[in-house]
Ligand code: BES
Ligand code: ZN
Ligand code: ZN
């Protein structure tokens, strides 16, 4: 998608202008109304469009106008119009025109802050995402027609400067969505590792550990998950050292990369199992974040570590009751081979902690179905041993739109994961499934400020009313982490 910032008004395609609450027209909305001889105002009256945030109104082929479509986007109270309002404004307009046959979408943002125009374009990009790689035919009316977004604004230089990093964030979100959407016969651990290596093009240093390397390090918790797979398990380590001080302690991000989760010997039911191609959503969030940070040359030291495995039933697979020793020496009784994400994470966390001595460590994982029962698809669950880190994540969630909700961990939950035969078992009981998973991770992180983000409910959604999100893989985590890094590492 081409994005351009322009001064002059080329009246063609679709033109979209904001209206604020109480029907307060922007300069652009007034211009559309005038050019159409008042058709816009009349259309508003018969559609109850008042400029409320999230509203969008389309008028096709307005008489007297050269444009094929005039669009109004509600921007709410002018004083409250934050970046999320402008993203939604841009995204809603894109949704209205994407399949119309019109090729260009122009936002008339005259008289508004340059950031508003940049955010509208960002929102439009997020909304335009498609995953059509595997279709050999696509009906004409299902083909997206928009191939360019234009923004008319007063301060071109400022708008371009505001948009450049957002374009990179969008690239990171697109990458994460692609990774989650790819089927597991294509995106297996070896292929995922290659895609991570592709980030070298953007200046990220990438190292891939194979099974031999991990065996030497004693990472048997992670390795136990991939024993039934024909693909070798991998650990990919991506470094972006962009801070002024290259020696400054890094932020480490860890991602669960279960390229397919059958459940293993504790096999999952067949219905819906296809969604488990997305069980690497944590690794996708981390990889997409690295893409975004490197793309926009973030002034921060950030390491991304992803544990890449495939959880398959097989004669060589881990059995319920097996006991394995993790890299930090603690032993785990595997009571359920479907609780495999935590096995991958604890060794990846150990690697991040021992090798990088991070200032903070945050893991992302589609870890538990129970988090969907608790929070639905609106918030990811956050668990942390550090109040300041938890509240920084809350702020990053609110400003990026990828919101989180904190849930508790505490010693009281430990008894649920104590094992008769080993230091711990990998499942709790019926209750508090997301918490016992987090409490399990807690046993491996020590005093380093750590947060665990359970994204099982947000990495993909069967439907979404957020115009920025496609119908399945959301790329959740990239915008959250991009904001978190900007707010806590770069100031
Ligand atoms: N990958 C799943 C969790 C999941 C479920 C993600 C639904 C997305 C949507 C995870 O590995 C798993 O199977 N967890 C089990 C844990 C249980 C065996 C303790 C679960 O949630 O049922
Ligand atoms: Zn599982
Ligand atoms: Zn899983």
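In the numbering used here, the protein residues as written are 8 to 498. Ideal Cβ positions, reconstructed from N, Cα and C, are used throughout, including at glycine.
Check, Outcome
"Using the three-state DSSP reduction, which class does residue 400 fall into: helix, strand or coil?", "helix"
"Relative to ligand 3, what is the chain-ordered list of residues with a Cβ closer than 5 Å to any of its non-hydrogen atoms?", "265, 268, 286, 348"
"Based on DSSP bridge pairs, tell me the residues matched to residue 115.", "159"
"On the premise that residue 318 lies in contact with residue 347, defined as a C-beta separation below 8 Å, what is that separation, rounded to the nearest angstrom?", "5 Å"
"For residue 485, count the other beta carbons within 10 Å of its own beta carbon; 16 or more makes it buried, fewer makes it exposed. Which is it?", "buried"
"Compute the minimum distance between the beta carbon of residue 301 and the heavy atoms of ligand 2, and state whether it is under 7 Å.", "no"
"One question on the structure: do residue 271 and residue 235 come within less than 8 Å of each other, judged by their Cβ atoms?", "yes"
"Leaving out five residues on either side along the sequence, give the residues of the same chain with a beta carbon under 8 Å from the beta carbon of residue 68.", "75, 76"
"Measure the C-alpha to C-alpha separation of residue 393 and residue 459 and round it to an integer number of angstroms.", "11 Å"
"When the Cα atoms are used, what is the spatial distance from residue 18 to residue 299?", "33 Å"
"Secondary structure at residue 409, three-state DSSP: helix, strand or coil?", "coil"
"If we count the other Cβ atoms within 10 Å of its Cβ and call it buried at 16 or more, is residue 281 buried or exposed?", "exposed"
"Quick one: what's got a C-beta closer than 6 Å to residue 102's C-beta in the same chain, skipping five residues either side?", "134, 474"
"Return the CA-CA distance between residue 170 and residue 409, expressed in angstroms with no decimal places.", "19 Å"
"Would you decide whether residue 237 is buried or exposed? Buried here means 16 or more other CB atoms lie within 10 Å of its CB.", "exposed"
"Would you mind working out which of 120, 23, 333, 54 sits nearest residue 226, comparing C-alpha positions?", "333"
"Give a yes or no on whether the C-beta atoms belonging to residue 342 and residue 433 are separated by under 8 Å.", "yes"
"Assess contact between the region 149 to 157 and the region 185 to 193, defined as three or more Cβ pairs (one per stretch) separated by less than 8 Å. Is contact present?", "no"
"Compute the distance between the beta-carbons of residue 359 and residue 312, then report whether it is under 8 Å.", "yes"
"If the criterion is Cβ atoms closer than 8 Å, does the pair residue 461 and residue 397 meet it?", "no"
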